[in-house]
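Since the structure comes first, as structure tokens, the remarks are kept for the end.
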Amino acid sequence: MFSAWLQCLALMVLALIPTLPLTNAHMAMLFPPPRGGWGTAQFDWKIHTFIGYNGFKFPCGGYKKGKVTPMKAGDIIPVRFWTSDMTYSQHITELPKKSYNEARHGGGLCEFSLSYDGGKSFRVIATYTKTCPDVLFKWPVRIPDNVPSCKKSGECLFSWSWTSALVPQYYHNCADVTIEGKANGRLPSKKMQVYNFKGYKQKTFPGDGRSHSPGSGPIKSEIVANTRKWI
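Going by mature numbering (1 follows the signal peptide of the UniProt record, and there is no 0), the letters in the sequence shown line up with residues -25 to -1, 1 to 206, in that order.
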């Protein structure tokens, strides 16, 4: 009888394990809400995994279409980040008032891109270097003023990619969006950079050296560059 009770208890614990947060506190996009992100139906605590690890796939971590965020050409998107060290209900609408274990790996290169073909190609619209990412700050990104409209379900993506500074790891999250753009608009020409998993080169980028502690936030000159009007 006692043995049967222990077996039952063990099965209950195992059933709970997939819902528990991982402890390495890597980074993921929080807003706009990405596929597999916190608060979405697909959320499984794995959104902060780097591409190529434990089956995490490129693009978008392998997650399917999720919540759609409407955007317009010229909008400035206050991108925010999440770490698995944050508790379940915190900071969806407000920035944290204290620091967290973020596993920032020294910062590195963050690129923000748009895809109009469901992730087959991505075009860069903003870049933050060295201090990105960090949950304590907003990272403003302007949707180019001259992009075309994109309304087809599952095809329109706003993405964040991060090549870290201290370890050769690549992170990639995608938010499903619609974009109200311009007639005869065009996407930027710069393609998103991809590294550090099978079939791609190994590379790290210069960072701020702060592996798990908060950084100093977005570089002011980069904020200006990433919110400028596109003509």
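We put the CB at the ideal spot given by N, CA and C, even for glycine.
Owing to the predicted nature of the structure, the values given are computational and were not obtained by experimental measurement.
Give the DSSP-derived three-state secondary structure of residue i in the structure shown.
{"i": "E69", "result": "coil"}
{"i": "V54", "result": "strand"}
{"i": "I22", "result": "coil"}
{"i": "E77", "result": "coil"}
{"i": "S139", "result": "strand"}
{"i": "A101", "result": "strand"}
{"i": "G36", "result": "strand"}
{"i": "K95", "result": "coil"}
Can you tell me whether residue i is buried or exposed? The criterion is at least 16 other CB atoms within 10 Å of its CB, across all chains shown.
{"i": "P181", "result": "exposed"}
{"i": "K166", "result": "exposed"}
{"i": "R203", "result": "exposed"}
{"i": "E77", "result": "buried"}
{"i": "I52", "result": "buried"}
{"i": "E69", "result": "exposed"}
{"i": "A16", "result": "exposed"}
{"i": "V54", "result": "buried"}
{"i": "V169", "result": "buried"}
{"i": "G83", "result": "buried"}
Which one or two residues does DSSP pair with residue i in a beta bridge?
{"i": "residue 222", "result": "Here the chain has residues from -25 to 206 only, and residue 222 is not among them."}
{"i": "R117", "result": "I51"}
{"i": "D151", "result": "V43, L132"}
{"i": "M4", "result": "F56"}
{"i": "G182", "result": "K105"}
Tell me where the alpha helix (DSSP H) around residue i begins and ends.
{"i": "E197", "result": "195 to 201"}
Please list the terminal residues of the continuous beta strand (DSSP E) segment that includes residue i.
{"i": "F87", "result": "83 to 90"}
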